[in-house]
Structure formats: structure tokens, C-alpha cells
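Per the numbering used here, the sequence shown runs over residues 144 to 266. Quick reminder that beta carbons are idealized off the backbone N, C-alpha and C, glycines included.
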Amino acid sequence: MLPSKSYLEKETKLSRPTIDKHLKEFASNPHYLDYTNQMKFMFHKVVSRLLASALQGDVKASRLLFEMTGQFNKDQGVATYIKNQNNYLQINKTILTEEFLKKLPLEKILQIEELINSNKIEK
């Protein structure tokens, strides 16, 4: 793993732009590209073996596979998905939904916009 840019800056006494330049050159180096391609190939091999172990009943392999694919979160358990989303604006006890606003005549919507725009807090 590469050290942080701050660490490199401190240890080498080089400026951050110089470090960025060298890191970009490093990333386009053919040897580095070969290495990253090998790692990509190995990644697929490792995931295949992990899947094979999971299918044979290895619980740890299953859990790791689920975490890697985003199906399982260490902190929350199995991932949940939002099936619907309700957007509305609530001011005290008044709730303005999209459906409500669609039913309003244009003149009322313009009045609401004018009210909101005239009371914006200036920075």
C-alpha cells in the first residue's frame, strides 16, 4: 500500500504538486500497469474460490462474499433497499406534498414562490 501524500511530502521534502506529478507518472508506467492487470485477474480467481467455498457451506466465505457485493453490511446486517420515497415539505403542522402542489392553480403556486423568494435570508 502506498503511503499518504502528506507522509511523502514530509519524508521527501518535495512539494505536493511534485508528488502528484510523480504519482501520475508512476500510474502510467508499463510495469505498474502489468502489475495492476495481474491483480485484476487474481481478484476474479479469489472471488471464484470464495464463491465455491460459500456454496459448500462456509459461513465466513458467504459473509465476506455478501459484504464484497454490498448485500451485507457489518454494522446493519442484510442490506435493505428503499422501495418508495415520500417527498414533502412540512411547515409546522402543514404538509405540502407533490400531489397537493399539482392540484393548486398556477396563481397560487406563483404566490407561494413569491412568498418564499421575498423572505430568503441573505448571506
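Looking at the backbone, the Cα of residue 175 and that of residue 169 are separated by about 7 Å.
By a beta-carbon distance limit of 8 Å, residue 207 does not contact residue 198. Their separation comes to about 13 Å. If you compare the alpha carbons of 202, 230, 235 with that of residue 244, the shortest gap goes to 230. Nearest to residue 162 by alpha-carbon distance, out of 262, 146, 212, is 146.
Considered as a whole, the region 155-228 harbours 159-170, 173-198, 202-211 as its complete alpha helix (DSSP H) runs of no fewer than 4 residues, in chain order.
Within the DSSP bridge table, the entry for residue 254 names no partner.
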